[in-house]
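Visitor: First residue of the sequence shown? That's 1 in full-length UniProt numbering, and the numbers climb one at a time after it. One structure, pasted below without further comment.
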Amino acid sequence: MSPPVERRSLVLRGVLDLCLLALLQDQPVYGYELTERLADRGLPVAAGSTYPLLARLEKAGLVVTDQRPSPTGPPRKYYSLSGAGRAALDAGRAEWLDVAGAVSGLLSPALASPAVPQEVSRA
1 MSPPVERRSL VLRGVLDLCL LALLQDQPVY GYELTERLAD RGLPVAAGST YPLLARLEKA
61 GLVVTDQRPS PTGPPRKYYS LSGAGRAALD AGRAEWLDVA GAVSGLLSPA LASPAVPQEV
121 SRA
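Here's what the structure looks like:
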């Protein structure tokens, strides 16, 4: 099995788009701040990984951008949800809750079982 950090990265890769959409649901946010907010919520992601995801979301029409002055340097690119982004967030949230519930149901009894090796239960 993959090392824990690599395994976590693979799991995150599938949900980061949804997490970014969720962070944008209330107000526009610039890229680096999104990276910080992910880390604050226990999802550390390299800043260089956030921007390609945002570009993909923008290309898909799920986010829109605008430039705003920065108090400390060049203008910042702010991201906000489009109507399609809100719909994608709602659909993705429902899908995630279904999947997370199913996975939790499968893993919870297995992790509590004494027959599970220690290295698996800490993953």
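Positions of the beta carbon are idealized from the N, C-alpha and C atoms, including for glycine. Just so we're clear, the structure is a prediction, and the values are computed from it rather than from any experiment.
Just to confirm my understanding: we take residue 82, look at its own chain, exclude 5 residues before and 5 after, and list those with CB closer than 7 angstroms. What are they?
Guide: The residue given as residue 82 occupies position 82 in the sequence shown. Once the five neighbours on either side are set aside, the close Cβ partners of residue 82 are 61, 62, 63, 64.
Visitor: Which residue marks the beginning of the beta strand (DSSP E) containing residue 65, and which one marks its end?
Guide: Taking the sequence shown and counting its residues from 1, the one referred to as residue 65 is at position 65. Counting along the chain, the beta strand (DSSP E) containing residue 65 begins and ends at 63-70.
Visitor: Would you give the residue range spanned by the alpha helix (DSSP H) that residue 80 belongs to?
Guide: Along the sequence shown, one-based indexing puts residue 80 at 80. No alpha helix (DSSP H) holds residue 80; the beta strand (DSSP E) holding it covers 73-81.
Visitor: Please check the pair residue 70 and residue 28, which I expect to be a contact at CB under 8 angstroms, by giving their CB distance rounded to whole angstroms.
Guide: Indexing the sequence shown from 1 puts residue 70 at position 70. Indexing the sequence shown from 1 puts residue 28 at position 28. So it is not a contact: roughly 14 angstroms between Cβ atoms.
Visitor: Output the distance between the C-alpha atoms of residue 20 and residue 107, rounded to the nearest integer angstrom.
Guide: Taking the sequence shown and counting its residues from 1, the one referred to as residue 20 is at position 20. Taking the sequence shown and counting its residues from 1, the one referred to as residue 107 is at position 107. If I take the Cα positions, the gap works out to 26 angstroms.
Visitor: How many angstroms separate the CA atom of residue 103 from the CA atom of residue 95?
Guide: In the sequence shown, the residue the question calls residue 103 occupies position 103. In the sequence shown, the residue the question calls residue 95 occupies position 95. Approximately 12 angstroms between the Cα atoms of the pair.
Visitor: What is the DSSP secondary structure of residue 99, counted as helix, strand or coil?
Guide: The residue you call residue 99 lines up with position 99 of the sequence shown. In the structure shown, residue 99 sits in a helix (DSSP, three-state: H, G or I).
Visitor: On the CB-based measure, 16 or more other CB atoms within 10 Å of its CB, does residue 41 come out buried or exposed?
Guide: Position 41 of the sequence shown, counted from the first residue, corresponds to residue 41. Counting Cβ neighbours within 10 Å, residue 41 comes out exposed, since fewer than 16 surround it.
Visitor: Using a Cβ-Cβ cut-off of 7 angstroms (strictly less than) and excluding sequence neighbours within five positions of residue 17, which residues of its own chain qualify?
Guide: Here residue 17 is taken as the residue at index 17 of the sequence shown, counted from 1. Excluding sequence neighbours, residue 17 sits near 53, 57.
Visitor: Taking 7 angstroms as the limit between beta carbons, can you name the residues of its chain near residue 32, skipping five residues before and five after?
Guide: Working through the sequence shown from its first residue, we reach residue 32 at position 32. Answer for residue 32: 47, listed in chain order.
Visitor: Give me whichever residues DSSP pairs with residue 29 in a beta bridge.
Guide: In the sequence shown, counting from the first residue as 1, residue 29 sits at position 29. BP columns for residue 29 point to 79.
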